[in-house]
Amino acid sequence: QLEQQILDFSHGLRAIGVAPDEKLALFADNSCRWLVADQGIMATGAINVVRGTKSSDEELFQIYSHSESIALVVDSPQFFNRLAESFISRINARFIVLLWGDKSSLNSKAVMDIPVYDYNDITELGRENRNALCYSSELFEQGQQGVFEAIGPEDVATLIYTSGTGGTPKGVMLTHRNLLHQINNLWDIVPAVPGDRFLSMLPPWHAYERSTEYFIFTHGIQQVYTTVKHLKADLQHHQPHYIISVPLVYETLYSSIQRQISASPPARKTVALALIKISLLFMEAKKIYEGTVLSNSPVKPSFIFYMFNYLRARIVAALLWPLHNLAKMLVYKKIHSSIGISKAGISGGGSLPMHVDKFFEAIGIKVQNGYGLTETSPVVAARRPFCNVLGTVGHPIKHTEIKIVDIETGEVLPDGSKGIVKIKGPPVMKGYYKNPSATNNALDQEGWFNTGDIGWIAPHHATGPSRKCGGILVLEGR
1 QLEQQILDFS
11 HGLRAIGVAP
21 DEKLALFADN
31 SCRWLVADQG
41 IMATGAINVV
51 RGTKSSDEEL
61 FQIYSHSESI
71 ALVVDSPQFF
81 NRLAESFISR
91 INARFIVLLW
101 GDKSSLNSKA
111 VMDIPVYDYN
121 DITELGRENR
131 NALCYSSELF
141 EQGQQGVFEA
151 IGPEDVATLI
161 YTSGTGGTPK
171 GVMLTHRNLL
181 HQINNLWDIV
191 PAVPGDRFLS
201 MLPPWHAYER
211 STEYFIFTHG
221 IQQVYTTVKH
231 LKADLQHHQP
241 HYIISVPLVY
251 ETLYSSIQRQ
261 ISASPPARKT
271 VALALIKISL
281 LFMEAKKIYE
291 GTVLSNSPVK
301 PSFIFYMFNY
311 LRARIVAALL
321 WPLHNLAKML
331 VYKKIHSSIG
341 ISKAGISGGG
351 SLPMHVDKFF
361 EAIGIKVQNG
371 YGLTETSPVV
381 AARRPFCNVL
391 GTVGHPIKHT
401 EIKIVDIETG
411 EVLPDGSKGI
421 VKIKGPPVMK
431 GYYKNPSATN
441 NALDQEGWFN
451 TGDIGWIAPH
461 HATGPSRKCG
471 GILVLEGR
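Take the sequence shown: its position 151, counting from 1, is numbered 151 in UniProt numbering, and each next residue is one higher.
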């Protein structure tokens, strides 16, 4: 059904004259129709220019103008009418598409000379167009092929504007190859299966949310949209296997759990807090003997030193294990039933506080932190289920190279040394739209993207002799 709606929308756009490489501004918030419009625009070979309704009118005007968009796809009549006075009169729009609501609710003065279509107009037009081809299966196949033939892997699929120095927007050009690389390789991070449920609440135009949604629908996974206001209720009601969000959401969940514990009767509160502390100690010991404790020392510790720490950690963990299991039954079981997240929480788009990371690990809710930028489609690295080392952002995604260079000289630094993080590979953007100077500053001649972030790569011995977690990336900020 979703595929058919996308194809109907795409053919509808073709029917009203949209051509490959033209740019359409898609200013809307998360919904099923956003996804249809997003994919439908791409399927024509056109480029969508995305932003949400919470952006200011002036910012949206700058994005529309700079991108040279030829038409506007908007969320609702209310949002369009907000733009009508300060925005519509200053742009050239070949047509307007309304995803939700009634065309009769639009400001009639603002659209006097501009054709307006609602979502159903476009999809019905596309359906008629497709049905007209069906009288001949050969002609239909040729027609379908004609839509997609013009699209190449290096063609720009979308423009996502990100603030640059001094707040000047820069249009990040992401290609079809960039986006497909994410779809094809995120499973290593999130080994979801058909029927799994994901809870999402991020803006759909954000590169993090987009790559996640593309991955979800490609793998037959269920997507549940929520908001900050309804997050708590939706977690309890839908019991998601995964939640995809930013660190602030995990901090909010952490604070909410702490408040619930604090509101408990004194005896119950004391027991719960004591058991959580024991679980934190248990997990610290467990990580030592499993080889998932981080070190940036370039010197490999002696075997005797390692064995001493290993045996001590084994003894501590064995002593604390019964109390940790008791905590699971008395405290953590109730927390799990209230928020779900039975497989993992995926965190990206910022730094995850260590105390939050440790807390969720202690209570048995896996949080996998990752790293990426709009310019890298976005995922560059993420912690894996088999190697979830706290304080890191994990291994690079497949086919992606990371190197650390000296801030002053640009010389490549050895593992364990802090420097500028540079990225190379399929996720790296094509460049900044109409901004060759910014593109040249960010990308060198060999294709390495300068993130501007400070980090280091853990030596292979850093987490123990198993080496399974060597080569992971640790960020230190900007």
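Positions of the beta carbon are idealized from the N, C-alpha and C atoms, including for glycine.
Cα separation between residue 367 and residue 448?
Linking residue 367 to residue 448 through their CA atoms gives a straight-line distance of about 29 Å.
Residue 456 in three-state terms, based on DSSP
Secondary structure at residue 456: strand, using DSSP grouped into helix, strand and coil.
Reduced DSSP category for residue 492 - H, G, I as helix; E, B as strand; rest coil
Outside the shown range of the chain, which is 1 to 478, sits residue 492, and nothing can be said about it.
Consult DSSP for residue 47 and reduce its assignment to one of helix, strand or coil.
Correct three-state label for residue 47: strand.
Within 10 angstroms of the Cβ of residue 387, are there 16 or more other Cβ atoms? Answer buried if so, exposed if not.
Here residue 387 is buried: its Cβ has 16 or more other Cβ atoms, across all protein chains shown, within 10 Å.
Exposure label - residue 162; buried when at least 16 CB within 10 Å:
Exposed.
Straight-line Cα distance separating residue 457 from residue 413
Computed Cα separation, rounded: 9 Å.
Can you check whether the CB of residue 157 is closer than 9 Å to the CB of residue 178?
It is a contact, given that the beta carbons lie within the stated cut-off.
Given a threshold of 16 other Cβ atoms within 10 Å of its Cβ, counted over all protein chains shown, does residue 324 qualify as buried or as exposed?
Counting Cβ neighbours within 10 Å, residue 324 comes out buried, since at least 16 surround it.
Among residues of its own chain, excluding the 5 on either side of residue 100, which ones have a beta-carbon nearer than 6 Å to its beta-carbon?
Within the same chain, 76 come within 6 Å of residue 100 by CB-CB distance, once the 5 residues on both sides are set aside.
Contacts around residue 42, its chain only, beta-carbon distance under 6 Å, and the 5 residues preceding and following it disregarded:
Excluding positions up to five away in sequence, the list reads 157.
Go ahead and pull the three-state DSSP assignment for residue 383.
DSSP, read as helix, strand or coil, puts residue 383 in coil.
At the level of alpha carbons, what is the spacing between residue 92 and residue 369?
One C-alpha to the other measures close to 43 Å.
7 Å Cβ shell around residue 205 - same chain, five flanking residues per side excluded:
Here the set comprises 50, 51, 52, 160.
What are the start and end residues of each continuous alpha helix (DSSP H) run of 4 or more residues lying completely inside the stretch 191-262, in chain order?
As far as the stretch 191-262 is concerned, its whole alpha helix (DSSP H) runs of at least 4 residues are 207-218, 231-238, 247-262.
Can you find the residues in the same chain that come closer than 6 Å, C-beta to C-beta, to residue 117, ignoring five residues on each side of it along the sequence?
Correct list, in chain order: 97.
For residue 120, is the classification buried or exposed, using 16 other Cβ atoms within 10 angstroms of its Cβ as the cut-off for buried?
Residue 120 comes out exposed.
Minimum length 4: unbroken alpha helix (DSSP H) runs contained in the stretch 2-60:
Counting whole runs of 4 or more residues, the stretch 2-60 contains the alpha helix (DSSP H) stretches 2-15, 32-43.
Give me whichever residues DSSP pairs with residue 161 in a beta bridge.
According to DSSP, which records beta bridges pairwise, residue 161 is partnered with 171.
Mind checking which residues open and close the beta strand (DSSP E) that includes residue 72?
Where residue 72 is concerned, the enclosing beta strand (DSSP E) starts and stops at 71-74.
Among 378, 202, 348, 361, which has the Cα closest to the Cα of residue 336?
Looking at 378, 202, 348, 361, the one whose alpha-carbon comes closest to that of residue 336 is 361.
Inter-stretch contact (C-beta, 8 Å, three-pair minimum) for the stretch 404-423 and the stretch 435-451
Result yes; three or more Cβ-Cβ pairs closer than 8 Å.
Neighbourhood of residue 331 by C-beta distance below 6 Å, restricted to the same chain and skipping five residues each side
Within the same chain, residue 331 has close Cβ partners 272, 275.
Which whole-angstrom value is the C-beta distance of residue 228 and residue 240, which I expect to be below 8 Å?
Between residue 240 and residue 228 the Cβ distance is about 16 Å, and since that is not below 8 Å, they are no contact.
Cβ-based neighbour list, residue 87, same chain, cut-off 6 Å, excluding 5 preceding and 5 following:
Cβ-Cβ distances below 6 Å link residue 87 to 57, 61 in the same chain, with the five nearest sequence neighbours on each side left out; the list follows chain order.
Does residue 106 pass the burial test, meaning 16 or more other C-beta atoms within 10 Å, or should it be called exposed?
Under the 10 Å beta carbon count, residue 106 is surrounded by 16 or more other beta carbons and is classified as buried.
Simplified DSSP assignment, three categories, for residue 331
In the three-state DSSP reduction, residue 331 falls in the helix class (H, G or I).
Quick one: Cα of residue 334 to Cα of residue 2, how far?
Taking the straight line joining both Cα atoms gives about 37 Å.
Bounding residues of the alpha helix (DSSP H) (the contiguous stretch that carries residue 390):
Note, residue 390: premise wrong, no alpha helix (DSSP H); not H, not E.
Could you compute how far the alpha carbon of residue 70 sits from the alpha carbon of residue 260?
Taking the straight line from one Cα to the other gives about 52 Å.
Counting only runs of 4+ residues fully inside the stretch 400-443, write out the alpha helix (DSSP H) ranges in chain order.
Within the stretch 400-443, the complete alpha helix (DSSP H) runs of at least 4 residues are 436-442.
Taking Cβ to Cβ, would you say residue 281 is nearer than 9 Å to residue 316?
Closer than 9 Å, so yes.
Alpha carbon to alpha carbon, what distance is there between residue 40 and residue 11?
Looking at the two C-alpha atoms, the distance is approximately 8 Å.
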